[in-house]
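Engineer:
Number of protein chains: 2
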Amino acid sequence: MFQKILVPFDGSSNAEAALKKAVELADLTGGEVLILTVYRHHSMLEASFSMVRPSDPGNMDDIMRTHAREVADHGKKVAQDLGAGKVRAFVKAGQPARTIVAWAAEKDVDLIVLSSRGMGSIEGYLLGSVSHKVTALAKCPVMVF
Amino acid sequence: MFQKILVPFDGSSNAEAALKKAVELADLTGGEVLILTVYRHHSMLEASFSMVRPSDPGNMDDIMRTHAREVADHGKKVAQDLGAGKVRAFVKAGQPARTIVAWAAEKDVDLIVLSSRGMGSIEGYLLGSVSHKVTALAKCPVMVF
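Going down the list, the sequences are from chains A and B. Take full-length UniProt numbering: the last position of the first sequence gets the number 145, and nothing is skipped along the way. Take full-length UniProt numbering: the last position of the second sequence gets the number 145, and nothing is skipped along the way.
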């Protein structure tokens, strides 16, 4: 049970609390912790809504990906400091909930552990919408904190 | 971790699947499984909406409580058949999500395990509303299937 535990990680303290629970659970089950940091594509459509148009939107995607990588690697270090034996960190671009659910299915994870607060966006913070969507859409069990 | 695991149980096959996971988890943590079957009060207000007025609404509450007790006891037997060491079954009247959350706080449970489908009412079946409300309101982690 729970050999592959996915923790969507945005670097928030709530995400760290969820990660801590996932590490404890993986320790019990002998499972692996997979950390996933999702970042949004910077689309031309979004850019067109801005007051200032970026001269190089491709570069903004690079910046966001690099930042996501740092967040994911930080999560990995936190998990290792908590005593996680098996842990890997990944980044992926896309809409948070759908990306998490699709990635979980692709990697055949047994459990998703996430916080109902602090998954990046303000909408998520206010409504817990990311955790709600993940819970509704995921094919595997979801543990919400 | 997870010494007191609450499983809201309505007798559905989805609730049994959640119960199975809870028993496995309790086996790992050495924890106890608490089964809770919630039934709705038959209020005079509801009775006034009916075509046929019951002569004895108090008796209807008795019938609902007795049925809930049977469902809860069935859950307990299922858990024991699955190998649960420590398991107790309870019934409580009220609105499902709020009753589950309040009872979880009162009993100081560490984790609520429930299905996103099949918690009794049609609204819950269609929208997963019970699991969504429990996830949003609970002070403890919630595992949703």
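Using N, Cα and C, we set each Cβ at its ideal position, and we do this for glycine too. Computed from a prediction, not measured in an experiment: that's the story for all the values here.
Helix, strand or coil for residue 20 (chain A) per DSSP?
Structural biologist: Residue state, collapsed to three classes: helix.
Engineer: Examine chain B for any beta-carbon lying closer than 7 Å to the beta-carbon of residue 6 (chain A), and answer yes or no.
Structural biologist: No, because no Cβ of chain B sits closer than 7 Å to the Cβ of residue 6 (chain A).
Engineer: Give me the Cα-Cα distance between residue 95 (chain A) and residue 22 (chain A), rounded to the nearest whole angstrom.
Structural biologist: Cα-Cα distance, rounded: 23 Å.
Engineer: Looking at C-alpha atoms only, which residue of B:34, B:85 and B:129 is the closest neighbour of residue 98 (chain B)?
Structural biologist: Ranking B:34, B:85 and B:129 by Cα distance to residue 98 (chain B) puts B:129 first.
Engineer: Would residue 84 (chain B) and residue 41 (chain B) be called neighbours here (beta carbons separated by less than 7 Å)?
Structural biologist: No. Outside cutoff.
Engineer: By DSSP, does residue 102 (chain A) sit in helix, in strand, or in coil?
Structural biologist: The answer is helix: DSSP assigns residue 102 (chain A) an H, G or I state.
Engineer: What residue range is occupied by the uninterrupted beta strand (DSSP E) comprising residue 168 (chain A)?
Structural biologist: The requested residue 168 (chain A) is not part of the displayed model; chain A covers only 1 to 145.
Engineer: Ignore the nearest five residues each way along the sequence and tell me which others in residue 144 (chain A)'s own chain have a CB closer than 7 Å to its CB.
Structural biologist: The residues are 114, 116, 131 and 135.
Engineer: Please name the residues in the segment 81 to 103 of chain B whose beta-carbon is closer than 7 Å to at least one beta-carbon of chain A, in chain order.
Structural biologist: Those would be none; no residue qualifies.
Engineer: Could you check the C-alpha separation between residue 10 (chain A) and residue 103 (chain A) for me, to the nearest Å?
Structural biologist: One C-alpha to the other measures close to 16 Å.
Engineer: Taking beta-carbon pairs under 8 Å, can you tell me which members of the segment 15 to 32 of chain B lie near chain A?
Structural biologist: Against chain A - using a Cβ distance shorter than 8 Å - the residues of the segment 15 to 32 of chain B are 21, 24, 25, 28 and 29.
Engineer: Can you pull the chain A neighbours of residue 156 (chain B), defined as C-beta to C-beta under 7 Å?
Structural biologist: Lying before the first or after the last residue shown, residue 156 (chain B) is absent from chain B, which here runs from 1 to 145.
Engineer: Hey, would you say residue 60 (chain A) sits closer than 7 Å to residue 29 (chain A), going by beta carbons?
Structural biologist: Not closer than 7 Å, so no.
Engineer: Measuring only the C-alpha atoms, how far is residue 108 (chain A) from residue 88 (chain A)?
Structural biologist: Spanning the two alpha carbons is a distance of roughly 15 Å.
Engineer: Measuring only the C-alpha atoms, how far is residue 125 (chain B) from residue 66 (chain A)?
Structural biologist: With a pLDDT of only 45 at residue 125 (chain B), under the threshold of 50, the placement of this residue in the model should not be trusted; the figure read from the coordinates follows. About 42 Å.
Engineer: Cα separation between residue 121 (chain B) and residue 38 (chain B)?
Structural biologist: For residue 121 (chain B), the predicted model reports a pLDDT of 48, less than 50, meaning its position is unreliable; a value from the coordinates is still stated below. Looking at the two C-alpha atoms, the distance is approximately 11 Å.
Engineer: Grab me the residues of residue 101 (chain A)'s own chain with a C-beta within less than 7 Å of its C-beta, minus the 5 sequence neighbours each way, in chain order.
Structural biologist: Closer than 7 Å at Cβ, skipping near neighbours: 134, 137 and 138.
Engineer: Under DSSP, the alpha helix (DSSP H) around residue 113 (chain A) begins and ends at which residues?
Structural biologist: Careful: residue 113 (chain A) lies outside any alpha helix (DSSP H), inside the beta strand (DSSP E) at 111 to 114.
Engineer: Tell me the rounded alpha-carbon separation between residue 79 (chain A) and residue 69 (chain B).
Structural biologist: For residue 79 (chain A) and residue 69 (chain B), the distance between alpha carbons rounds to 43 Å.
Engineer: I'd like to know whether the C-beta of residue 123 (chain A) is nearer than 7 Å to at least one C-beta of chain B.
Structural biologist: Unreliable placement is indicated for residue 123 (chain A), whose pLDDT of 43 sits below 50; the coordinate value is still reported in the next sentence. Residue 123 (chain A) does not count as touching chain B.
Engineer: How is residue 1 (chain A) classed by DSSP in three states: helix, strand or coil?
Structural biologist: Of the three classes helix, strand and coil, the one that applies to residue 1 (chain A) here is coil, per DSSP.
Engineer: As a quick exercise: from B:81, B:24 and B:18, pick the residue whose alpha carbon is nearest that of residue 36 (chain B).
Structural biologist: Considering only alpha carbons, the answer is B:18.
Engineer: Smallest Cα separation from residue 64 (chain B): which of B:77, B:76, B:91 and B:142?
Structural biologist: Nearest option by C-alpha distance: B:91.
Engineer: Going by beta-carbon coordinates alone, are residue 20 (chain B) and residue 111 (chain B) separated by less than 7 Å?
Structural biologist: The answer is no: Cβ separation not under 7 Å.
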